[in-house]
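Take a look at the structure set out below.
In the numbering used here, the protein residues as written are 88 to 179.
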């Protein structure tokens, strides 16, 4: 996930930013530091914004040709217990 050595840094956050960060800490259970590292990687590393947008555009219309709506489909595949769902999907 990250290198063996880490550099300590100090940042200033406004009240709103700190509130958002602390909410994410409560929701995810991750530390402030880990969430900041994730945000840095998501913003400056890995897949560029243009690549993410290209992937989103490529997936547009993937529901085309199917009958029904997405909500009904999700309810159908989620019905029953987990073992039944896995069996229906051919996983078990």
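Cβ atoms here follow ideal geometry from the backbone N, Cα and C, with glycine treated the same way.
Source: prediction; values computed, not measured.
I need the boundaries of the alpha helix (DSSP H) containing residue i, first residue and last residue.
i, result
"residue 99", "Neither: residue 99 is in no alpha helix (DSSP H) and is coded neither H nor E."
"residue 92", "It is not in any alpha helix (DSSP H) - residue 92 carries neither H nor E in the DSSP assignment."
"residue 146", "136-146"
"residue 127", "119-131"
Once you ignore the five residues that flank residue i on each side, which residues in its own chain have a CB closer than 8 Å to its CB?
i, result
"residue 144", "none"
"residue 153", "160"
Please give the ranges of any alpha helix (DSSP H) in the region 148-176, keeping only runs that are unbroken, at least 4 residues long and fully inside the region.
With a minimum length of 4 residues, the continuous alpha helix (DSSP H) runs that stay inside the region 148-176 are 157-165, 169-175.
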